[in-house]
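*Asks:*
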């Protein structure tokens, strides 16, 4: 393949520098109810495979207003440990990650 050498070049996005220009978009199975599970930590597989930037699915930041049933949530101190495990798994392979925070209103 020729003409794609630039994909291997580092990319700066704000304060984050990705090792290349390959990005993995969000994924989710709708099986969560809050913090990431062990299965969610499979995001590290993308970093291990050379993905430059990993993006998490929208993450609710308020217990009262959930993004959707089965979604990620970071709304309390007890949620932090699971996120730390996820971030360490991705960073182990030098992959930066980006989280999309979401504050929703009530669903009726």
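Residue numbers (the numbering used here): 509 to 616. Glycine residues also receive a C-beta, built at the ideal position from the N, C-alpha and C atoms.
#1: Considering only residues of the same chain and omitting the five flanking positions on each side of residue 544, which have a CB-CB separation below 7 Å?
#2: Can you tell me where the beta strand (DSSP E) with residue 525 in it begins and where it stops?
#3: Hey, would you say residue 561 sits closer than 9 Å to residue 597, going by beta carbons?
#4: Would you mind working out which of 566, 523, 528 sits nearest residue 559, comparing C-alpha positions?
#5: Could you tell me how far apart the beta carbons of residue 583 and residue 568 are, in whole angstroms, since I believe they sit closer than 8 Å?
*Replies:* To lay it out plainly:
#1: Here the question's residue 544 lines up with position 36 in the chain shown. So the list reads 580, 590, 591, 594, once near-sequence residues are dropped.
#2: Residue numbering aside, residue 525 sits at position 17 when the chain shown is read from its first letter. Residues 524-526.
#3: Here the question's residue 561 lines up with position 53 in the chain shown. Here the question's residue 597 lines up with position 89 in the chain shown. It is not a contact, given that the beta carbons lie outside the stated cut-off.
#4: Locating residue 559 in the chain shown gives position 51, counting from the first residue. The shortest Cα separation from residue 559 among 566, 523, 528 belongs to 528.
#5: For this step, residue 583 is matched to residue 75 along the chain shown. For this step, residue 568 is matched to residue 60 along the chain shown. Indeed, because the Cβ distance is near 7 Å, the residues count as touching under 8 Å.
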